[in-house]
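Novice: Going line by line, the protein sequences match chains D and Y. Quick note on numbering: the first sequence equals residues 8 to 263 in the working numbering. Quick note on numbering: the second sequence equals residues 22 to 211 in the working numbering. Supplied in structure tokens, the structure appears directly below.
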Amino acid sequence: MTDMDNQLVALGGRIKWPAEADLSIPVVARLQARPSPRGEARSWRKALAFAMVVIVATLAMSNSARIAVARFLEVAGIRIDFGATTSPPPGSGLQLGDRIELAEALLSVEFPVLVPADDQLGSPDAVYLNDLPTGNQVTLLWEENSLLPAAPGSGVGLLISSFLGNLEAGWYAKELNESHRITEVAVRGNTGFWIEGSPHVFLYQDSEGRVQPESIRLAGNVLLWEEDGVTLRIESGLGREAVLAIAATLRAPQES
Amino acid sequence: MVEGRPLDEEALVVSAQSGDLGAYAELVRRHQQTVVRVAMIVSGSSADAEDIAQDALVKAYLALNRYHADRPFRPWLMRIVRNEALNRRRGTGRRVRLELRASHDPASLDAAPSPEAAVIARDEQAMLLAAINDLPQGQREAVACRYLVGLTEEETARALGIARGTVKSRTARGLASLRGSLQSTPQKVV
Numbered sequence: 008m009t010d011m012d013n014q015l016v017a018l019g020g021r022i023k024w025p026a027e028a029d030l031s032i033p034v035v036a037r038l039q040a041r042p043s044p045r046g047e048a049r050s051w052r053k054a055l056a057f058a059m060v061v062i063v064a065t066l067a068m069s070n071s072a073r074i075a076v077a078r079f080l081e082v083a084g085i086r087i088d089f090g091a092t093t094s095p096p097p098g099s100g101l102q103l104g105d106r107i108e109l110a111e112a113l114l115s116v117e118f119p120v121l122v123p124a125d126d127q128l129g130s131p132d133a134v135y136l137n138d139l140p141t142g143n144q145v146t147l148l149w150e151e152n153s154l155l156p157a158a159p160g161s162g163v164g165l166l167i168s169s170f171l172g173n174l175e176a177g178w179y180a181k182e183l184n185e186s187h188r189i190t191e192v193a194v195r196g197n198t199g200f201w202i203e204g205s206p207h208v209f210l211y212q213d214s215e216g217r218v219q220p221e222s223i224r225l226a227g228n229v230l231l232w233e234e235d236g237v238t239l240r241i242e243s244g245l246g247r248e249a250v251l252a253i254a255a256t257l258r259a260p261q262e263s
Numbered sequence: 022m023v024e025g026r027p028l029d030e031e032a033l034v035v036s037a038q039s040g041d042l043g044a045y046a047e048l049v050r051r052h053q054q055t056v057v058r059v060a061m062i063v064s065g066s067s068a069d070a071e072d073i074a075q076d077a078l079v080k081a082y083l084a085l086n087r088y089h090a091d092r093p094f095r096p097w098l099m100r101i102v103r104n105e106a107l108n109r110r111r112g113t114g115r116r117v118r119l120e121l122r123a124s125h126d127p128a129s130l131d132a133a134p135s136p137e138a139a140v141i142a143r144d145e146q147a148m149l150l151a152a153i154n155d156l157p158q159g160q161r162e163a164v165a166c167r168y169l170v171g172l173t174e175e176e177t178a179r180a181l182g183i184a185r186g187t188v189k190s191r192t193a194r195g196l197a198s199l200r201g202s203l204q205s206t207p208q209k210v211v
């Protein structure tokens with residue numbers, strides 16, 4: 008019965024959608040072309056807008072490249088101060104739920120929340136509690152840093168989510184034969200799946216046996232597995248071995 | 022000096038709200054694929070989807086001062102995409118019915134273990150797509166948003182202009198219909 012649900016998710020990747028186009032260029036061009044209230048403000052805003060586009064692009068560059076770009080802009084008479092703004096919670100916009108402390112998260116859910124014991128990772132930068140159709144989900148988030156590349160399209164390095172649910176193993180077994188993007192891997196003595204190529208959604212079965220879709224937040228790679236009735240997933244921009252190494256260190260948090 | 026910082030969405034939105042077009046360009050790049058696909062689902066037209074998406078993204082920027090940056094951005098954006106798609110449809114006076122098609126990408130077929138398996142896979146996809154296209158509009162749109170685009174319930178609710186509970190029930194009924202039509206379709210034997 009659930010085979011059809013599985014096919015739907017597979018089908019999502021094969022629909023003939025409209026061709027990919029970078030809309031940021033025409034959209035920004037249209038916004039810049041709008042008449043501004045004061046004529047002299049327009050050229051200032053255009054210069055600023057150009058500088059912003061360059062700066063956004065340089066955030067993907069190495070430090071030395073960024074410094075070079077910043078100096079170029081200073082010479083052009085444009086100095087941008089990024090220091091003053093207060094930073095919003097990391098992971099905002101990913102719809103992970105309410106931000107809470109880890110200790111509170113552990114008390115709020117009926118399943119054990121595992122945390123990685125990796126010294127280099129350290130404690131998560133943020134913890135979120137979310138309301139799924141069938142129960143709570145806890146997400147641990149690490150921002151990008153020198154050891155954690157940002158998953159494409161976000162400033163997030165790593166997400167570890169867990170919730171009560173059984174994986175739809177039938178779909179993954181089928182996809183193994185039809186796609187080179189999914190590999191079956193052993194994770195902590197369980198069958199897991201390493202999924203590349205930015206999947207958008209996966210299926211799980213809730214405690215009442217209903218199949219539910221759950222959306223993937225980051226556009227990177229996903230390690231997905233079920234352990235004692237809890238579905239865990241790790242989303243990141245890391246490679247498979249690095250993610251498996253992190254998964255191997257997961258354990259119940261130590262009493263401090 | 023420019024330091025590398027996590028570009029969290031809220032920071033981008035706050036910057037865009039104060040006139041930072043570079044920040045808005047990054048927001049556009051993050052969401053454009055979803056915006057185009059939802060524009061296609063709501064308008065029923067693949068040809069118009071990119072224009073609708075562009076208009077929606079321009080209007081979203083102009084509407085930013087009415088948006089609270091601490092709320093999730095994509096659900097808010099979905100409502101604007103919906104309004105733009107409906108405006109476009111009203112303008113032409115045509116009722117266009119969403120017709121989903123499969124992309125015949127040779128690369129994905131090469132990954133099949135055998136030519137027979139590839140044919141079976143294509144046939145199954147074709148049957149499933151035909152069944153989706155036969156669903157009543159509300160169920161077809163809900164299933165497409167949740168399963169084919171991968172929107173959350175909240176985003177689907179905004180994109181389709183319905184309550185979350187309605188998203189749940191239309192999705193459930195849509196899936197039940199699809200199962201029913203596939204079970205009664207004779208399987209092709211290769």
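Built from N, CA and C at the ideal position, the CB exists for glycine as well.
Are at least three pairs of beta-carbons, each pair with one atom in the segment 70–78 of chain Y and one in the segment 101–108 of chain Y, less than 8 angstroms apart?
Specialist: The segment 70–78 of chain Y is in contact with the segment 101–108 of chain Y.
Novice: Note the first and the last residue of the continuous alpha helix (DSSP H) segment covering Y:D41.
Specialist: As a first step, residue 41 of chain Y must be located in the second sequence, where it is residue number 20. It is not in any alpha helix (DSSP H) - Y:D41 carries neither H nor E in the DSSP assignment.
Novice: Would you please state the rounded distance, in angstroms, between the beta carbons of D:L30 and Y:V49? I believe it to be under 8 angstroms.
Specialist: Position 23 of the first sequence, counting from 1, holds the residue named residue 30 of chain D. Position 28 of the second sequence, counting from 1, holds the residue named residue 49 of chain Y. Confirmed, about 6 angstroms.
Novice: Is D:D105 helix, strand or coil by DSSP?
Specialist: One-based indexing of the first sequence puts residue 105 of chain D at position 98. Three-state DSSP puts D:D105 in a strand.
Novice: Using CA atoms only, rank isn't needed, just tell me which of Y:L149, Y:V188 and Y:Y168 is closest to Y:Q204.
Specialist: Here the question's residue 204 of chain Y lines up with position 183 in the second sequence. Out of Y:L149, Y:V188 and Y:Y168, Y:L149 has the C-alpha closest to the C-alpha of Y:Q204.
Novice: List, in chain order, every chain D residue whose beta-carbon is nearer than 7 angstroms to that of Y:S124.
Specialist: Position 103 of the second sequence, counted from the first residue, corresponds to residue 124 of chain Y. Neighbours of Y:S124 on chain D, chain order: R21, I22 and K23.
Novice: Report the rounded CA-to-CA distance for Y:P93 versus D:G100, giving the unit in angstroms.
Specialist: In the second sequence, the residue the question calls residue 93 of chain Y occupies position 72. In the first sequence, the residue the question calls residue 100 of chain D occupies position 93. Answer to the nearest angstrom: the Cα atoms are 5 angstroms apart.
Novice: Which residue's Cα is closest to the Cα of D:Q144: D:Y135, D:E108 and D:L38?
Specialist: Sequence index remark: in the first sequence, residue 144 of chain D carries index 137 (1-based). That would be D:Y135, whose Cα lies nearest to the Cα of D:Q144.
Novice: When burial is assigned at 16 or more other CB atoms within 10 Å of the CB, is D:P278 buried or exposed?
Specialist: The structure shown does not extend to residue 278 of chain D, since chain D is modelled only from 8 through 263, so no value can be given for it.
Novice: Across which residues does DSSP place D:D138 in a beta bridge pair?
Specialist: Locating residue 138 of chain D in the first sequence gives position 131, counting from the first residue. DSSP output for D:D138 lists D:N143 as bridge partner(s).
Novice: Report the neighbours of Y:E162 on chain D: residues whose CB is nearer than 7 angstroms to its CB, in chain order.
Specialist: Residue 162 of chain Y sits at position 141 when you count from the first residue of the second sequence. Ordered by position in chain D, no residue passes the 7 angstroms Cβ test against Y:E162, which lies about 14 angstroms from the chain.
Novice: Leaving out five residues before and five after Y:V117 in sequence, what residues of the same chain have Cβ atoms less than 8 angstroms from its Cβ?
Specialist: Start at 1 with the first residue of the second sequence, and residue 117 of chain Y comes out as number 96. So the list reads S64, G65, S66 and R110, once near-sequence residues are dropped.
Novice: Closer than 7 angstroms by beta-carbon distance: list the chain D residues that pair up with Y:P93, in chain order.
Specialist: One-based indexing of the second sequence puts residue 93 of chain Y at position 72. Those are G100 and Q102, listed as they occur along chain D.
Novice: In three-state terms, what does DSSP make of D:A133?
Specialist: Locating residue 133 of chain D in the first sequence gives position 126, where the first residue counts as 1. Strand.
Novice: Between the beta-carbon of D:F118 and the beta-carbon of D:S168, is there less than 8 angstroms?
Specialist: Counting from one through the first sequence, the residue named residue 118 of chain D turns up at place 111. Counting from one through the first sequence, the residue named residue 168 of chain D turns up at place 161. No, Cβ-Cβ distance for D:F118 and D:S168 is not below 8 angstroms.
Novice: Between which two residues does the alpha helix (DSSP H) holding D:A254 run?
Specialist: The count along the first sequence starts at 1 and reaches residue 254 of chain D at position 247. R247 to A255 is the extent of the alpha helix (DSSP H) around D:A254.
Novice: Let me make sure I understand the geometry here. Which of D:V194, D:L210, D:R106 and D:L225 has the alpha-carbon closest to that of D:L165?
Specialist: Looking up residue 165 of chain D in the first sequence gives position 158. Residue D:L225 is the option with its Cα nearest to D:L165.
Novice: Give me the chain D residues within the contact set of Y:S67, using Cβ-Cβ distance strictly less than 7 angstroms, ordered along the chain.
Specialist: Numbered from 1 along the second sequence, position 46 holds the residue referred to as residue 67 of chain Y. Here the neighbours are P25.
Novice: Grouping DSSP H, G and I as helix and E and B as strand, with all else coil, what is D:Q219?
Specialist: Locating residue 219 of chain D in the first sequence gives position 212, where the first residue counts as 1. In the structure shown, D:Q219 sits in a strand (DSSP, three-state: E or B).
Novice: Helix, strand or coil: which one does DSSP assign to D:I202?
Specialist: By 1-based counting over the first sequence, the position of residue 202 of chain D is 195. Of the three classes helix, strand and coil, the one that applies to D:I202 here is strand, per DSSP.
Novice: If you draw a straight line from the C-alpha of Y:D29 to the C-alpha of Y:E162, how long is it?
Specialist: Working through the second sequence from its first residue, we reach residue 29 of chain Y at position 8. Working through the second sequence from its first residue, we reach residue 162 of chain Y at position 141. Cα to Cα, Y:D29 sits roughly 30 angstroms from Y:E162.
Novice: For Y:S202, collect the residues of the same chain with a Cβ closer than 6 angstroms to its Cβ; drop the 5 residues on either side in sequence, then sort them by chain order.
Specialist: On the second sequence, position 181 is the one that residue 202 of chain Y refers to. Hits under 6 angstroms: A152.
Novice: In or out: Y:D69 buried (at least 16 other Cβ within 10 Å) or exposed?
Specialist: Looking up residue 69 of chain Y in the second sequence gives position 48. So Y:D69 ends up on the buried side.
Novice: Going by C-alpha distance, which of Y:G195, Y:V34, Y:L78 and Y:Q146 is nearest D:V35?
Specialist: The residue you call residue 35 of chain D lines up with position 28 of the first sequence. Closest option to D:V35, Cα to Cα, is Y:L78.
Novice: Checking contacts by CB at 8 angstroms: is D:G236 closer than that to chain Y?
Specialist: Taking the first sequence and counting its residues from 1, the one referred to as residue 236 of chain D is at position 229. So no, D:G236 is outside the interface.
Novice: Of the residues Y:E31, Y:H89, Y:A32 and Y:L119, which one's Cα is nearest the Cα of Y:D155?
Specialist: The residue labelled residue 155 of chain Y in the question sits at position 134 within the second sequence. Cα-wise, what sits closest to Y:D155 is Y:L119.
Novice: Keeping to the same chain, check which residues put their C-beta closer than 8 angstroms to that of Y:L199; ignore five residues upstream and five downstream.
Specialist: The residue given as residue 199 of chain Y occupies position 178 in the second sequence. Excluding positions up to five away in sequence, the list reads L149, A152, I153, L156 and V164.
Novice: Going straight from the alpha carbon of Y:L98 to that of Y:D91, what length do you get?
Specialist: Here residue 98 of chain Y corresponds to residue number 77 of the second sequence, with the count starting at 1. Here residue 91 of chain Y corresponds to residue number 70 of the second sequence, with the count starting at 1. Computed Cα separation, rounded: 14 angstroms.
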